[in-house]
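One structure is given below, encoded as structure tokens.
Protein chains: 2
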Amino acid sequence: MRRFGRNVILTAAVAMSLAGCATAQDAPPAPPSPFDAVDPFIGTAGKGHTFPGAVAPFGMVQLSPDTDHKLLREGYDWASGYRYDDPTIMGFSHTHFSGTGHSDLGDLLLAPISGEIRWDAGAADQPGSGYRSRYNKASEVAEPGYYAVSLTDSGVRAELTAGTRIGLHRYSFPRNAPARILLDFRPSIYDYPGKVQWSRIRVHPDGTITGFRETRGWAPGRQFYFAMRFSKPVVGYQLRDREENVPYRGFRQPGRAMDDRAQVEGRQLEAAFDFGQIAGPLLVQVAISSVDEAGAIRNLESEGGSFDFDGVRASTRASWEQALGAVEIEAEPEMRTSLYTALYHALIAPSVHGDVDGRWRGPDNAVHDADFTVHSTFSLWDTFRAEHPLLTLVQPDSRNADMINSLIAAQQVSPYGILPVWSFAGQETWTMIGYHAVPVIADAYLKGVQGIDGQAALNAMLASATYRPYGGLGDYMDLGYVPIDREPEAASKTVEYAYDDWTIARMAERLGRTDVQQQFDRRAGFWKNTFDGETGFVRARLADGSYRTPFDPTAINYGSDYTEGNAWQYSWFVPQDMAALVTAMGGDQATVAKLDAMFDYDNSGLDYSHAEDIAGLIGQYIHGNEPSHHSAYAYVFAGAPWRTQARLKQIMDSQYHSRPDGLAGNDDVGQTSAWLMFTAMGFYPVTPGSGQYVIGRPFTDRTTLNLPNGKRFVISTEGLSDGNPYVQSVTLNGQPLTRTWIGHAEIQAGGELHFVMGAEPNLIWGTTAPERPYAMSAYGQ
Amino acid sequence: MRRFGRNVILTAAVAMSLAGCATAQDAPPAPPSPFDAVDPFIGTAGKGHTFPGAVAPFGMVQLSPDTDHKLLREGYDWASGYRYDDPTIMGFSHTHFSGTGHSDLGDLLLAPISGEIRWDAGAADQPGSGYRSRYNKASEVAEPGYYAVSLTDSGVRAELTAGTRIGLHRYSFPRNAPARILLDFRPSIYDYPGKVQWSRIRVHPDGTITGFRETRGWAPGRQFYFAMRFSKPVVGYQLRDREENVPYRGFRQPGRAMDDRAQVEGRQLEAAFDFGQIAGPLLVQVAISSVDEAGAIRNLESEGGSFDFDGVRASTRASWEQALGAVEIEAEPEMRTSLYTALYHALIAPSVHGDVDGRWRGPDNAVHDADFTVHSTFSLWDTFRAEHPLLTLVQPDSRNADMINSLIAAQQVSPYGILPVWSFAGQETWTMIGYHAVPVIADAYLKGVQGIDGQAALNAMLASATYRPYGGLGDYMDLGYVPIDREPEAASKTVEYAYDDWTIARMAERLGRTDVQQQFDRRAGFWKNTFDGETGFVRARLADGSYRTPFDPTAINYGSDYTEGNAWQYSWFVPQDMAALVTAMGGDQATVAKLDAMFDYDNSGLDYSHAEDIAGLIGQYIHGNEPSHHSAYAYVFAGAPWRTQARLKQIMDSQYHSRPDGLAGNDDVGQTSAWLMFTAMGFYPVTPGSGQYVIGRPFTDRTTLNLPNGKRFVISTEGLSDGNPYVQSVTLNGQPLTRTWIGHAEIQAGGELHFVMGAEPNLIWGTTAPERPYAMSAYGQ
């Protein structure tokens, strides 16, 4: 449940729910609505890296409090700008990542000031040393699209809400104090000296403030534009360039004092706006753009024409209610809170990137036009696994097609001619490995998402899969694997490329491109070239064909044979042919034994603290990072679904909690949340692009998917309890389901998947080969 | 005459002229054509700051050799990137200022390499230490639109030509050596560490290279884009980011070696392109843009579709022949060379700034559309005096209107809402003082240049003249002068604002805006508020009304009471009411005595070496800088035109020579050249906006102006010789002209102004008050 404080007017739903608690002991209280069940604070402590601020579904603006903007090298825990336990708030900035393991953003920090203007944030442990303020923890409120807090140093009640491309601030200042807004354009998340390459703040005659800054952070040369308006007239303002030792400022700048200048340019800019003593709150509306200041003004006017804070909040609330309503969940309260929060976190990104007029900035850093809504923030190495497959079930085709078309459009204007790897604000960061836009596109297209040009999609996929300079891909094509003496993380790259290639083959098959299908079905088998039958591990090879020695399957290092992991995690990454992997592992029994060895590994002697993103360990299974996400389901392919069921309970119990530190690892822009959503429903997309969901076990009493096509698909459970972790039987629409997967088409048709749970494993159900998923040889159902 | 060397194929005209020299001793040789009379080397030594490279009339590209890119603090003598006496050439870059006193540009340096690639330029005194090359001085050829040189270290013959928005290089490599082009995107003119804020080099699949760099130089945050194509296929290329200690390069960049990457981004970029051993020369065509890379490609294709070097050279030659043909000059060879070179230098800028598709980048750093050709590089404090008035006589209305409309368009999108002060690439540099776009616009509009919206022009002028934060303008409006205790260079600012205001009054008068006329005619008299009758000098006052003491009329310091000058030079700046100034000075005799005192001042004890732009001293008259440019004509207003005639000969003899060090001071984007053109013709626009040209004395036997309206205006001279410096009589169209000025309308009507020269001064002609110019009270004729 979301937090609320004394100063908050309770919403009707919460008030009713509390009233229920107090008065009707025997009738269980009605559960909170999906909207009220969301707790945006989950993940804001620990390693979740989520933010608690205001955001609309897939909103371009993520308006959220920043407790600190740490330097790049020490900022890992502040990747979202906010730590739940931090004692002060610097201010409120307009862009944030949800759950990333690297970071940036925190653009356009505003701080309400009621006293003297301090131009630096000051130290958190020295109250009053700067403009940052302590705050009343109990006063913090967070719900989808709304955040509020009482700042104790300034005495300001701050409320935030957001539309798709706008953020609104409502600041209630203390009586008899001047109302001021400080704009600090210098800091950002994962900061470092010189990160701001150029910036500009401009005061227009009509009172609109616009600006620009170009940063060199995670994305190179990223351009950020904004437009801002206040609900009260500015009675005075100051513009500051805080940089010292500027080599050339111009011989004779007008207005040396700068305070009456219309614009300031530089690398270390700030501005302060004074409103005098005002009656009632001050509203600030801000729109952002990646295109230009005129685009930001248009974005502002398209949504923020008036200063109707409550109206925007209500409208965004309605958007969230509709989006969260895609799934109706009956479950224990904590599980239900975790799940609706997970769904909320899964619906934040990929976020809108294009302006309301269709213009957007591409990976070539040029401006383009689109006739759809361009999205960005693609954390594809994470999200191809479950986040994007989830979106095909809970979001309309138009949204999914917008995302796919954004990927294809980016490829078409990319300087490299390839699909995004990890991009935000339209810019490529080259983070992580693989070309996982490929399975995202294939999965959506093959599921029948409308509005995608299949040929353009296949062309884009082929361009990515054949761009030789990228990550050892030339050698991969020539040798059948990436050689570790020429390219780091070669083992991971080889197996991930092979899976991506398999999805190209499936696209080509659908489009009747037999030549391409054959070529890429062959490449889909390249994982074998880096699988060492002797040790039973995926293992890096040299260009001469030999395996690299010494070999330590527990070693985790950047630039090693694997990507953020080791042989234990990566040896399961053959989602396109798990049956063949089981064979390579030595058959069912050996596979089950190896999976057990992974989960039960005694890691007490190992120290992975040097490697970021290694959290949530269960033996050598690492739930806090993505390579492990499908591994618990691997038992199913070895004919031991009851082992999957047991492991899922083990993971669920240890890795998810409905509290700020309730995520074991980075949420990774929804992937960790999407895992939870799928797993709780009872199935998981081990092989996106196959159209199959592998059955695990449900964790809800009943989940209803209100599908984009209008149909309803129900997952119901009988006998679910902590003591009944095992699936006894499954029926689909009343008919026994003996196989351990269901097809996307079966879900889309609507109906009911029914589980009967029990205390003991069913050692027979789903154990024979024909009952297993078979991604390699067939698509869909 | 232009220089040429052994390796050059002589053009037919030159060959004929030489042939004439050799064979026909008694018949004087036909003078070279105007085109051939131009010597682009004039001004490339000494303080001229011109460049010798290839440029089309008002061309966006100025493709020229750079002998050195010095650092900001030591670069004054390298303001054009080239010093005639430097022993080496770094390479050839695409943007240059002609004759400025501050600098920037030198974008996109290309160097042809025939051996091993060296990635740094190396030291000029250590041959072979880098990619810079020694060159054969005798091999250097420069003519309008063409430059060539033989590089001795690389053995490459380099030829350059340029169209309006393109530059073409033709490199002839030695046989049996690899042909390579190095692109160094790091250096620029007036360099300093960190000047390149961001840059990008991209290799397109079709072989086109594009790129971008953003620099923080004279103009803040200037964006430069280019597109480049080669006439031979690239057989290999290398992209380099030379920056060290980059905080974040992206976790896993594709193609670590970078050599096969499609793009590189960063702050210290270089690229090398390899063509192998090729037959025949390599051609490189480059287009630039301030808008984006797509704009640069369009600019390239609009002019550079083929690799027809000779065709572009011939076409640009034709443009120059037409432009130079506006003036037919008969004079002594050296004077004729000086004059055609001056005309050439006057026709380089303001230069084309907008793309071929009409898009341009404004002072708001945003992209706008225009239905005319947007120009930039406005050195207005210099060029309002004579450069722009000259252009109204020698360029069509369309060109003049493009410039005026560029100024107005800039005002309309300016963050400050004001006209350019000193802008290039569309960006404001805030260099120098005044709002001298105002007299430029007024002069053109009042002369009847077609295609200017008078109301929009007046609005723009008013906006500039009432922008209080600019240079003490608020105080000027309130107090009637700029107080020196609140604003440096207050004396200069007051008198310059007052003149600019007078031109607004004249515009308002023409447009029937009596209220505005009255307001600004009043402001035109504000010069009196800073004129100290006791000392007879324009002198700075404090806000309390007192004059600042101590007062030293010979002091020259930055931030002093005057702008790049002192009381001696600035006390003559009342062009709008020279009659009143003469009165204030104490009458005719006192004025003449004071002018003589200025010219004859013994400056042997003074050291102005700390102040840039102080060159060309004759006593306290400083021809090398603009404040003095009209002063020799001041005698005319005191009834002593013969004194003007004597001083003009003194200036001409000492300040102009047809050799590389032939300009006494910065050419200042054509102003110093325009002074020469006017003065040689026999009159000078002391008061732009008045429509009057004050008569001095001619220095040519005959000059014919082929006016934009198709009429011809001839200035003919009788008895001109070194020993005959004085005007004896003047006739206009055969009628005696007793007044000492002619009107623009008289010139526009066509006709003949005839001078009779003699050894002794005519002490009667033009001496009475009615014969003097009277700018204050009337416009035009």
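Read top to bottom, the protein sequences are chains A and B.
According to the working numbering, the first sequence is numbered sequentially starting from 1.
According to the working numbering, the second sequence is numbered sequentially starting from 782.
Don't be surprised by glycine CBs; every beta carbon is placed ideally from N, CA and C.
Note the first and the last residue of the continuous beta strand (DSSP E) segment covering residue i.
i       : result
A:E752  : G751 to G758
B:D1055 : L1050 to D1055
B:G1017 : G1017 to D1022
A:F424  : W422 to F424
A:G327  : Checking the sequence shown, residue 327 of chain A turns out to be Val, not Gly. Here the beta strand (DSSP E) through A:V327 covers V327 to E330.
A:R222  : R222 to F230
A:S98   : A:S98 -> no beta strand (DSSP E), and no H or E assigned at all.
On the premise that residue j lies in contact with residue i, defined as a C-beta separation below 8 angstroms, what is that separation, rounded to the nearest angstrom?
i       : j       : result
A:R543  : A:D485  : In the sequence on display, residue 543 of chain A carries Ala and not Arg. Contact holds; Cβ gap of about 6 angstroms.
B:L1064 : B:F1088 : 4 angstroms
B:T1275 : B:Y1257 : 6 angstroms
B:T1485 : B:A1112 : Going by Cβ atoms, the distance from B:T1485 to B:A1112 rounds to 12 angstroms, so no, they are not a contact pair.
A:I201  : A:Q263  : 7 angstroms
B:K1013 : B:R997  : Not a contact, Cβ separation roughly 36 angstroms.
From residue i to residue j, what distance separates their C-alpha atoms?
i       : j       : result
A:R175  : A:Q277  : 8 angstroms
A:L736  : A:R548  : Here the sequence assigns Pro to residue 736 of chain A, which means Leu is not the residue at that position. Taking the straight line joining both Cα atoms gives about 48 angstroms.
A:A680  : A:W78   : 29 angstroms
A:S423  : A:S379  : 7 angstroms
B:R1033 : B:D1073 : Interpretation of B:R1033 is limited by its pLDDT of 40, a score under 50 that renders its predicted location unreliable; the figure taken from the coordinates is listed afterwards. Those two C-alpha atoms are separated by around 28 angstroms.
B:R733  : B:F1090 : Given that chain B is displayed from residue 782 to residue 1562, the structure contains no residue 733 of chain B and the question cannot be resolved.
B:L1128 : B:H1410 : 19 angstroms
B:Y1416 : B:R1424 : 6 angstroms
A:W119  : A:L182  : 8 angstroms
B:A1095 : B:F832  : 21 angstroms
A:K528  : A:A584  : 9 angstroms
B:G1317 : B:S1352 : 8 angstroms
B:H1525 : B:G1463 : 14 angstroms
B:E1499 : B:N1240 : 47 angstroms
Starting from residue i and walking both ways along the alpha helix (DSSP H), at which residues does that stretch end?
i       : result
B:M1242 : G1235 to A1246
B:V1363 : M1359 to M1366
B:G1076 : E1074 to E1084
Going by other Cβ atoms of all chains shown within 10 Å of its Cβ, with 16 needed for buried, is residue i buried or exposed?
i       : result
A:E746  : buried
A:P40   : buried
A:V246  : exposed
A:N709  : exposed
A:A769  : exposed
A:A24   : Only weak support exists for where A:A24 lies, its pLDDT of 45 falling under 50; the coordinates are left without a value.
B:A1099 : exposed
B:G880  : buried
B:A1413 : buried
With a Cβ-Cβ cutoff of 8 angstroms, do residue i and residue j count as a contact?
i       : j       : result
B:P1356 : B:V1467 : yes
B:P1334 : B:F1418 : no
A:H353  : A:G426  : yes
B:G948  : B:H875  : yes
B:P1422 : B:T1284 : no
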